[in-house]
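Position 65 of the sequence shown, counted from 1, bears residue number 202 in my numbering, the numbering being contiguous throughout. Here a beta-carbon is modelled for each residue, glycine too, at the ideal position from N, C-alpha and C. Only one structure is covered here, and it is reproduced in the block below.
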Amino acid sequence: MPTTQPNLYAFSGVDTLATALRQYVIQSQNAGLERHDSFKVAVSGGSLPKTLAAALLAPSSGPNDTIDFAKWEIFFADERAVPLDHEDSNYALLKSELLDKIPADQQPTVRTIDTKHLDDVQELADSYEQTLVASFASRDSVRLPIFDLLLLGCGPDGHTCSLFPNHELLRETTAWVAPISDSPKPPPKRITLTLPVVTHAVRVAFVATGGGKKDIMKQIFDAADGLPCTLVNAGAGNRCSWFVDEPAVEGVGFPRRSFL
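This is the structure:
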């Protein structure tokens with residue numbers, strides 16, 4: 138079968154990007170609610186939660202523009218082996234940017250790491266995998282969990298989640314959640330969804346903004362370097378969409394699509 142291409146949507150600024158991202162998330166949410174009356178989404182950290190908050194906390198423009206946070210089940214595409222209130226915690230970042238601003242009666246279900254395993258990153262990964270198993274089905278009945286949506290960022294080296302260039306974890310095929318104790322970016326100890334889980338999602342959305350991203354975006358889209366983001370593009374094809382601003386894709390030859 139021919140492989141499909143990812144969608145590259147470029148916007149004049151973060152405001153217009155956030156409006157489109159909101160529409161995309163709501164489409165993904167509604168499809169998830171139709172399938173199983175919940176919306177299973179995984180998010181990463183970095184600059185993503187801030188852009189996500191700008192998109193999701195905007196006032197609704199009508200009945201087709203409704204976010205039902207109470208039906209959301211939020212997981213973490215990767216997490217650092219730190220306490221949940223630590224400045225390096227992706228949960229703490231999402232909490233301060235988004236979760237704390239959602240009304241009390243609309244709070245989503247949030248699946249955090251079990252901090253009693255912080256000293257053993259393999260145990261931490263195994264424990265979080267069991268959290269996924271409990272939500273998605275027994276490990277025996279499904280080969281991989283199918284998230285309704287993954288919301289990811291892209292590092293300046295082309296990493297995403299805690300999947301780093303040339304790292305052995307990129308070859309992991311059986312685990313759903315894997316430990317990493319030698320992250321090239323601090324903190325060194327983390328857990329991450331594996332590449333097969335990422336590319337198995339119904340939809341994958343990347344958000345990348347700013348001129349500091351243009352060099353790595355050229356590598357991801359115009360070269361075949363096997364960077365983690367490139368591997369997600371290849372594995373997910375047109376189920377993968379990039380929401381970027383114009384400075385982030387300056388000089389990128391890959392064709393843009395218009396977001397309808």
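Per-residue DSSP class, three states only, for residue i
i: P321; result: coil
i: E260; result: helix
i: V339; result: coil
i: H296; result: coil
i: S197; result: coil
i: T310; result: coil
i: S378; result: strand
i: L286; result: strand
i: A191; result: helix
i: D301; result: According to the sequence displayed, residue 301 carries Phe and not Asp. Correct three-state label for F301: coil.
i: E210; result: strand
i: E224; result: coil
i: R393; result: coil
i: T329; result: strand
i: P143; result: coil
i: T246; result: strand
Burial state of residue i, where buried means 16 or more other Cβ atoms lie within 10 Å
i: V279; result: exposed
i: L332; result: buried
i: L397; result: exposed
i: G182; result: buried
i: D382; result: buried
i: N144; result: buried
i: Q244; result: exposed
i: P323; result: exposed
i: E305; result: exposed
i: G388; result: exposed
i: N201; result: exposed
i: R308; result: exposed
i: R340; result: buried
Whether residue i touches residue j by CB criterion (9 Å)
i: L231; j: P186; result: yes
i: A338; j: A361; result: no
i: I211; j: V178; result: yes
i: A207; j: D242; result: yes
i: V180; j: L170; result: no
i: I353; j: C298; result: no
i: L158; j: F391; result: no
i: T140; j: A371; result: yes
i: D256; j: F176; result: no
i: W209; j: Q166; result: yes
i: V369; j: L289; result: yes
i: A214; j: V335; result: yes
Cβ shell of residue i (< 8 Å), same chain only, five flanking positions each side left out
i: V467; result: Because the chain in this structure spans residues 138 to 397, residue 467 falls outside the shown range and cannot be described.
i: F273; result: K177, V279, P282 and I283
i: S149; result: D382 and E383
i: A229; result: L221, D222 and H223
i: R172; result: D285
Other residues of its chain near residue i: CB distance less than 6 Å, five sequence neighbours each side excluded
i: Q164; result: none
i: E260; result: H254
i: S264; result: D251 and H254
i: H296; result: P365
i: P293; result: I353
i: T88; result: With the chain covering only 138 through 397, there is no way to say anything about residue 88.
i: A147; result: V381, E383, V386 and R393
i: F301; result: P321
i: F358; result: V389 and F391
i: Q160; result: none
i: T367; result: I357
Sequence-distant residues of its chain with Cβ nearer than 7 Å to residue i (five each side left out)
i: P384; result: G347, G348 and K351
i: N375; result: T141, Q142, P143 and N144
i: T310; result: P333
Would you call the segment 187-205 and the segment 228-247 in contact, with 3 or more CB pairs under 8 Å?
-> yes
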